[in-house]
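Here the structure comes first, spelled out in structure tokens, and everything after it is commentary.
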Amino acid sequence: LHDYVHFQLDGDEAHLWEEPHEIITEMTADEEGGFPSELGAILDRLEDVPDEDRYAAIVATPLISGNTKLIEWIGRSQPVTSTGMPRRADIGAVANMIGIAAQGVAKAPPLEFTDAAVQALDLSKPAPKKPTLHVQSAKAIGELRAWWAALETHEGIEVSATRIKPGPLSDVLTTPQLGDIELIEMFMVSYVREYLLGAVDQPLGEMAVILTVAKIMELVQAQEPTAQPDNSSEAEPASLFSARHLRSFESMGLLEIRDSRPFIPEPLRPVMAFGAMLALAELKAAA
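Rendered as structure tokens:
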């Protein structure tokens, strides 16, 4: 985690990472300058996961396969909106690269609560097929927004005021090798962090994100699938939004449902834990 934060401290936006760095240091340092026994045990166990296993798990996700599709689509360059995101006409094609059915529209339809949306909140059941999202902006799709931000952070893409083109590290992020494991893990950490921070803007956002971070930290310590939270209609509203976060991570290959319970495969636990901790650090820094 400290390596990742120091990577960001060496970047152009280092000033944004100074306070999160201090918070992470406080979260991890004990009186002797090391790690608290509980957190230290978690990190030690995660570090024991072979590089080959972590690499195989990461490259199997839609986020990495989507990188290849995106760079092929960009070619030399493509136009973007004034906010640096895909144009409305391109939302469907770009979202599909990471497995999301979406369509850019001039006017968003009224919000509807479908049976599929309700079923998605029950993490003991298989995820239902998602309906096509109709959005006015690519930023309205949390997964797409987070993926785009992670690509820009790690130089997979370069975005100007009007266009996007492949970044200096686009080859690494589209066809990573085993030796690139640290870079692609940092890319995935950024995705988790960006997704969670973006979810803060949703209803009950900060509370839901904190619940999600707590659940992730529980899951990265679990030896077996853990019991799911109560996401029935009587459950706390923030828990329902947290369940949506976990479903989103499932759709991106970062979480599974095993024996009707959420489970994070061990090779993916480092990126999930570090991404969640960084998101929490930024929330604390902003408080």
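Here the sequence shown stands for residues 1389 to 1675, where the numbers follow our numbering.
For each residue, glycine too, the CB sits at the ideal point set by N, CA and C.
| Asked | Found |
| --- | --- |
| How far does the beta strand (DSSP E) with Gly1492 in it extend, from its first residue to its last? | 1490-1492 |
| Report yes or no: do three or more beta-carbon pairs, one from the stretch 1647-1655 and one from the stretch 1455-1471, lie closer than 8 angstroms? | no |
| Which same chain residues, not among the five before or five after His1633, have their C-beta less than 8 angstroms away from its C-beta? | Tyr1583, Leu1584, Ala1587, Ala1596, Val1597, Thr1600 |
| Look up His1522 in the DSSP assignment and say whether it is helix, strand or coil. | strand |
| Just curious, the beta strand (DSSP E) that Ile1486 is in, first and last residue? | That residue, Ile1486, is in no beta strand (DSSP E); it is neither H nor E in DSSP. |
| Near Val1547, what residues of its chain come up, given a Cβ to Cβ distance below 8 angstroms and the 5 sequence neighbours on each side ignored? | Val1468, Gly1472, Glu1540 |
| If you follow the beta strand (DSSP E) that Ile1684 is part of, which residue opens it and which one closes it? | As shown, the chain starts at 1389 and ends at 1675. That puts residue 1684 outside it, with no answer to give. |
| Just how far apart, CA to CA, sit Asn1455 and Asn1484? | 12 angstroms |
| Taking all protein chains shown into account, do 16 or more other C-beta atoms lie within 10 angstroms of the C-beta of Glu1573, making it buried, or fewer, making it exposed? | buried |
| Can you tell me which of the three DSSP states Gln1609 falls into? | helix |
| Let me make sure I understand the geometry here. Which of Ser1525, Asp1441, Pro1591, Pro1519 has the alpha-carbon closest to that of Ile1627? | Reading off the sequence, residue 1627 comes out as Ser, not Ile. For Ser1627, the nearest C-alpha among the options comes from Pro1591. |
| Starting from Glu1644, follow the alpha helix (DSSP H) in both directions and report where the run begins and ends. | Note, Glu1644: premise wrong, no alpha helix (DSSP H); beta strand (DSSP E) at 1644-1646. |
| Quick one: any contact between the stretch 1491-1498 and the stretch 1506-1525, if contact means 3 or more CB pairs under 8 angstroms? | yes |
| Taking the C-alpha atoms as reference points, what is the distance between Arg1442 and Met1640? | 15 angstroms |
| Which one of Ile1604, Ala1526, Gln1609, Arg1657 has the shortest CA to CA distance from Ala1477? | Ala1526 |
| Please confirm whether Leu1458 has its beta-carbon closer than 8 angstroms to some beta-carbon of chain C. | Reference to chain C is not applicable here, since this structure consists of a single protein chain. |
| Would you report the Cα separation of Lys1672 and Arg1551, rounded to the nearest angstrom? | 34 angstroms |
| In whole angstroms, what separates the C-alpha of Leu1561 from that of Lys1603? | 29 angstroms |
| Less than 8 angstroms between the C-beta atoms of Met1576 and Val1659, yes or no? | yes |
| Are the beta-carbon atoms of Ser1648 and Ser1512 separated by less than 8 angstroms? | yes |
| Would Ala1508 pass as a contact of Pro1516 if the rule is Cβ separation under 8 angstroms? | yes |
| Within its chain, find whatever has a CB closer than 8 angstroms to the CB of Leu1642; leave out the 5 residues flanking it on each side and keep chain order. | Thr1449, Met1576, Val1580, Ile1652, Leu1656, Val1659, Met1660 |
| What is the residue span of the beta strand (DSSP E) that Val1437 lies within? | Premise fails: Val1437 is in no beta strand (DSSP E) and is neither H nor E. |
| Report the rounded CA-to-CA distance for Pro1556 versus Ile1459, giving the unit in angstroms. | 12 angstroms |
| Out of Ala1496, Asp1398, Pro1625, His1542, state which residue places its alpha-carbon closest to the alpha-carbon of Glu1570. | His1542 |
| Could you tell me which of Pro1514, Val1437, Asp1436 sits nearest to Glu1638, measuring between CA atoms? | Pro1514 |
| For Arg1649, name the three-state secondary structure that DSSP assigns. | strand |
| Going by beta carbon distance, what residues of the same chain come within less than 7 angstroms of Leu1566, once the five residues before and after it are set aside? | Asp1439, Glu1440, Tyr1443 |
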